[in-house]
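From first to last, the protein sequence lines are chains A and X. In case it helps, the UniProt record's numbering puts the first sequence at residues 1 to 472. In case it helps, the UniProt record's numbering puts the second sequence at residues 1 to 472. Ideal Cβ positions, reconstructed from N, Cα and C, are used throughout, including at glycine. Only one structure is covered here, and it is reproduced in the block below.
2 protein chains.
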Amino acid sequence: MTLASVTEAHREALAARLPEAVFRPLAPAYLEEPRGRYRGEGGLLLAPATVEEVSTILRFANAERLAVVPYGGGTGLVGGQIAAPGRAPIILSLERMDQIRAVFAEENVIIAEAGVILETLHSEAEAVGRLFPLSLAAKGSARIGGNLATNAGGVNVLRYGNARDLCLGLEAVLPSGEIWHGLTRLRKDNTGYDLRNLLIGSEGTLGVITAAALKLFPRPAGEGTALLVVESPEAALGLLSMARAALGEGISAFELMSAQGLEFLAGTMPELRQPFGSVPGWSVLIELGLARGLDPVAALEGLFVEAAEAGLVSDGVIAQSGGQREALWALRENLPEANRRIGSVSNHDISVPLGALPEMIARGREELGAIDAFRVNCFGHVGDGNLHYNVFPMPGKTRADHDHQRAEIKTALHDLVHELGGSVSAEHGIGRMKVEDLERYGNPAKLAAMRAIKSALDPNGIMNPGAVLREG
Amino acid sequence: MTLASVTEAHREALAARLPEAVFRPLAPAYLEEPRGRYRGEGGLLLAPATVEEVSTILRFANAERLAVVPYGGGTGLVGGQIAAPGRAPIILSLERMDQIRAVFAEENVIIAEAGVILETLHSEAEAVGRLFPLSLAAKGSARIGGNLATNAGGVNVLRYGNARDLCLGLEAVLPSGEIWHGLTRLRKDNTGYDLRNLLIGSEGTLGVITAAALKLFPRPAGEGTALLVVESPEAALGLLSMARAALGEGISAFELMSAQGLEFLAGTMPELRQPFGSVPGWSVLIELGLARGLDPVAALEGLFVEAAEAGLVSDGVIAQSGGQREALWALRENLPEANRRIGSVSNHDISVPLGALPEMIARGREELGAIDAFRVNCFGHVGDGNLHYNVFPMPGKTRADHDHQRAEIKTALHDLVHELGGSVSAEHGIGRMKVEDLERYGNPAKLAAMRAIKSALDPNGIMNPGAVLREG
Chain A
1 MTLASVTEAH REALAARLPE AVFRPLAPAY LEEPRGRYRG EGGLLLAPAT
51 VEEVSTILRF ANAERLAVVP YGGGTGLVGG QIAAPGRAPI ILSLERMDQI
101 RAVFAEENVI IAEAGVILET LHSEAEAVGR LFPLSLAAKG SARIGGNLAT
151 NAGGVNVLRY GNARDLCLGL EAVLPSGEIW HGLTRLRKDN TGYDLRNLLI
201 GSEGTLGVIT AAALKLFPRP AGEGTALLVV ESPEAALGLL SMARAALGEG
251 ISAFELMSAQ GLEFLAGTMP ELRQPFGSVP GWSVLIELGL ARGLDPVAAL
301 EGLFVEAAEA GLVSDGVIAQ SGGQREALWA LRENLPEANR RIGSVSNHDI
351 SVPLGALPEM IARGREELGA IDAFRVNCFG HVGDGNLHYN VFPMPGKTRA
401 DHDHQRAEIK TALHDLVHEL GGSVSAEHGI GRMKVEDLER YGNPAKLAAM
451 RAIKSALDPN GIMNPGAVLR EG
Chain X
1 MTLASVTEAH REALAARLPE AVFRPLAPAY LEEPRGRYRG EGGLLLAPAT
51 VEEVSTILRF ANAERLAVVP YGGGTGLVGG QIAAPGRAPI ILSLERMDQI
101 RAVFAEENVI IAEAGVILET LHSEAEAVGR LFPLSLAAKG SARIGGNLAT
151 NAGGVNVLRY GNARDLCLGL EAVLPSGEIW HGLTRLRKDN TGYDLRNLLI
201 GSEGTLGVIT AAALKLFPRP AGEGTALLVV ESPEAALGLL SMARAALGEG
251 ISAFELMSAQ GLEFLAGTMP ELRQPFGSVP GWSVLIELGL ARGLDPVAAL
301 EGLFVEAAEA GLVSDGVIAQ SGGQREALWA LRENLPEANR RIGSVSNHDI
351 SVPLGALPEM IARGREELGA IDAFRVNCFG HVGDGNLHYN VFPMPGKTRA
401 DHDHQRAEIK TALHDLVHEL GGSVSAEHGI GRMKVEDLER YGNPAKLAAM
451 RAIKSALDPN GIMNPGAVLR EG
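Right, here's the structure in full:
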């Protein structure tokens, strides 16, 4: 089947079915994505305010064979929010579905529409003395519907899981226009196939998430943050193991940073205070959230002493105040911005089994060295085995100098990740950027099942065509 | 399409493709289930030892249009392991795929074949100083493949989640015979649709799980157990809320028991020591697992004092030794056996939103009272909103006296659960017992999606036909 471009006649037909407020001007922002790799050519922007309006749009698009590209906060990093060129789609923005429908504090549940900004969920949870733990750099503009559609990760996955793990129920519209009212607050519900998890992470290719029942958590009684210097990635894993034995689930985040990352920060954001006299080769940002009766600063001091005695850490700072905690986190949270200012040749959102991390880091350098001279800023959620392995030009060179090597770099690094049993998309998804990677590295039986499911639920292929799976 | 009965000719054709050891005598146990509601009529028992043998069997069955009923430990409570009458199926037992393939203690991962007994996973985890938290009454005979296929719950869901939450990756054979090698140990992997969670909980209707990569956890440094007397289900919820504020994720289990349950225990198992002079109306079994530096007994004492001051608890015992902890747990763990000895009229594995639990319990009694006089043993995982709401004849009557009322009881209770936003199968699944309930209470859009997925992945309908979805 071939999809059509949306026309003025389609717009008029939809205007007869939908309130005027649904039609919004197509600002340039809807055709852009953060890294500038993909650019949309146009389309009809629709911003429905209710699930019924979303249903009306999908029914119409399905009957008229129009492509529908769901749009959340626009912060995705793999081009999943930008239509492929050559055909004008409906751009379906969830920005007007931005209501908190209900908060059940005693049940630790919040019901939010898809357009709610992630940071708003943080403040809504805090207002009832709870925590919504999903947190990532784009939290100020990312919308929860997009976070769910891409199964977003971030810095608290180690303790609380990714977006998938934080969702109890969904309201969604299937490609047929049928509404699935699945906003359950239940912790246990074994009635049939797991449609919730099928939609989560399907990147808008199987339907549109319009609202979600999300888990809240008690706020830890005490929090603490430390930045500890480790000799190597191996030592970072040893420290993680030691911290887990001592503190169990009390570890909220465990983030690795390299010397290159701190040097990028020093060069691009000199206003950020760096805690060490000389930039350490590797450091780990540890965040603890502990129950009543435990002192996080004392726990971090105890961990430091034990790790120092074992030769795992050589230096460190333990935040003594909220301000100091924020200052340490500012280093980690500004790494993506520093990277943007330097200008990367390529970015790789990879995961490997925990034990294979040191090998990944060492052999990744070798693979790159065989191609050219590069700087590598390798950082991230080491507790999850998830690294952002980003490649930069040497000083004096530009990313344009390496444009011809980008494909070679990607293949070398992704082949290595695959060999080590890892994933070439740990938390960002497939989008349009990694469709070929999925075909190259994905298991054939899983790919066949995915294609069968896509055809079964979206026989006309209207939902986000070309994302995740090649059009066909 | 119509499925055929397996014949001697089929057996001979399979004998040419499979080792002799795969063919085992069909003992009566394969045709029975724990509550005696379903009985199989026969079939060909096959017990493959490798995923390739499973693939051979499914390819053959798919080509010959033979029904395949996967069989784990046989402990399922909804008849999902027993073929519908009228057609001899292949009964595919995973009992010979019972190897632990690998343990990655530092990564907190164990890779187990589907036939591994749940209790074996507990001991394998303990041997490396870790915890595998899935635990339920049938742990001595249930096999992990069946636990995953039914998304089993149990007593530790509150803290660690259900079977779904404990699984990182799967190896499975799809109905086509294709093998999905998805045994990843990754904590983050966003490469495509969530086939893992689609297979988990699909009760053998979409494929056969042959192995799983499962999460292990650090063992809590200190554990403690208490049985606290509460005035009412409302008070139990108040206690839960208070305990969460104080102890966060330290609460491993929070189980409600009624006077009726303790009276059943006293009547059928007088050898079990009951801790209170008179049987309390409601009691809660709390289990804590705390990090280093916290004393679980002191934490329980603190909770008791705080809850007593708030008027939430009126009495209680806190275990002072491992033996006392076991004695308290023995009360909870023997409730199903006591129920069996009494003989229930009907059993209901339900969940409702936490805040609706008291209303469910009160109105359930009213609904039953309008039908006849019954005893109710309502107990279970109140922290998850999950109750086993089981109905018994009055003394002097038998379950047979109420056979004619069973359908009416079920409809009355399930309608109430549905009205309260609950689930009529919290943790046991649909199997063959609740197919009509799913049709009655399930969302039509979700049901349509389920049928489309089933047809897409199993076009000939060979996998566990009639379970979850009506044959069609």
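- By the Cβ rule, the stretch 232-244 of chain A does not count as touching the stretch 254-267 of chain X, because fewer than three pairs are nearer than 8 Å.
- Judged by DSSP in its simplified three-state form, SER346 of chain A adopts strand.
- Between the alpha carbons of GLY74 of chain A and GLY429 of chain A lies a distance of about 14 Å.
- For LEU438 of chain A, the neighbours in chain X by C-beta distance under 9 Å run, in chain order, THR191 and GLY192.
- Closer than 8 Å to the CB of ASP98 of chain A there is not a single CB belonging to chain X.
- Around CYS167 of chain X, the same chain offers LEU148, ARG196, ILE200, ALA212, ALA213, LEU214 and LYS215 as residues with beta carbons nearer than 8 Å, after the five sequence neighbours per side are excluded.
- Apart from sequence neighbours up to five positions away, the residues of its chain that approach ALA137 of chain A with a beta-carbon distance below 7 Å are GLU333 and PRO336, ordered along the chain.
- GLY380 of chain X is bridged by DSSP to X:LEU256 and X:LEU387.
- Residue-level contact by beta carbon holds for PHE104 of chain A and chain X, with a gap shorter than 8 Å.
- Here PHE374 of chain A carries a strand assignment [DSSP, helix/strand/coil].
- Using a Cβ distance threshold of 8 Å, ILE100 of chain A and ALA88 of chain A do not count as a contacting pair.
- The beta carbon of PRO34 of chain A sits no closer than 8 Å to any beta carbon of chain X.
- In the DSSP assignment, THR120 of chain A falls within the unbroken alpha helix (DSSP H) covering 118-127.
- DSSP, read as helix, strand or coil, puts LEU294 of chain X in coil.
- For the set X:GLY461, X:ILE453 and X:LYS410, the Cα lying nearest the Cα of ARG440 of chain X is the one of X:LYS410.
- Around the beta carbon of ALA125 of chain A, 16 or more other beta carbons sit within 10 angstroms, so the residue counts as buried.
- According to DSSP, PRO70 of chain A shares a beta bridge with A:LEU92.
- GLU427 of chain X belongs to the set of residues whose beta carbon lies under 8 Å from a beta carbon in chain A.
- Going by DSSP, ALA172 of chain A is part of the beta strand (DSSP E) stretching over 167-173.
- Secondary structure at HIS181 of chain A: strand, using DSSP grouped into helix, strand and coil.
- In the assembly as shown, GLU33 of chain A is a buried residue. Its beta-carbon has 16 or more other beta-carbons within 10 Å.
- Between LEU457 of chain X and ALA449 of chain A, the beta carbon gap of about 6 Å places them in contact (Cβ cut-off 8 Å).
- In the structure shown, ASP315 of chain X adopts extended strand secondary structure according to DSSP, grouped into three states.
- In the three-state reduction of the DSSP assignment, PHE132 of chain A falls in the coil class, being assigned neither a helical nor a strand state.
- In the pairwise beta carbon analysis, the stretch 83-97 of chain A is classified as touching the stretch 54-68 of chain A: at least three pairs are separated by under 8 Å.
- Restricting attention to beta strand (DSSP E) runs no shorter than 3 residues, the stretch 1-46 of chain X encloses them at 44-46, ordered along the chain.
- The C-beta distance from THR191 of chain A to GLY442 of chain X rounds to 6 Å, short enough to meet the 8 Å contact threshold.
- Under the Cβ distance rule, ALA246 of chain X counts among the residues neighbouring chain A, one pair being separated by less than 8 Å.
- Legend: CB atoms of the stretch 138-159 of chain X lying less than 9 Å from CB atoms of chain A belong to residues THR150, ASN151, ALA152, GLY153, VAL157, LEU158 and ARG159.
- Within the DSSP secondary-structure output, THR75 of chain A pairs in no beta bridge.
- Inclusion of ASP372 of chain X and HIS402 of chain X in the CB contact set at 8 Å is warranted, their separation being smaller than that value.
- Residue pairing by DSSP places LEU206 of chain X opposite no residue, since no beta bridge is assigned to it.
- Apart from the 5 residues on each side of it in sequence, VAL54 of chain X sits with its Cβ closer than 6 Å to the Cβ of PRO48, VAL173, VAL208 and THR210 in its chain, given in chain order.
- When secondary structure is reduced to three states using DSSP, THR50 of chain A falls in the coil class, being assigned neither helix nor strand.
- Between GLY466 of chain X and GLU203 of chain X, the C-beta spacing is not below 8 Å.
- Against PRO220 of chain X, the close residues of chain A are GLY248, in the order they occur along the chain (beta-carbon pairs closer than 8 Å).
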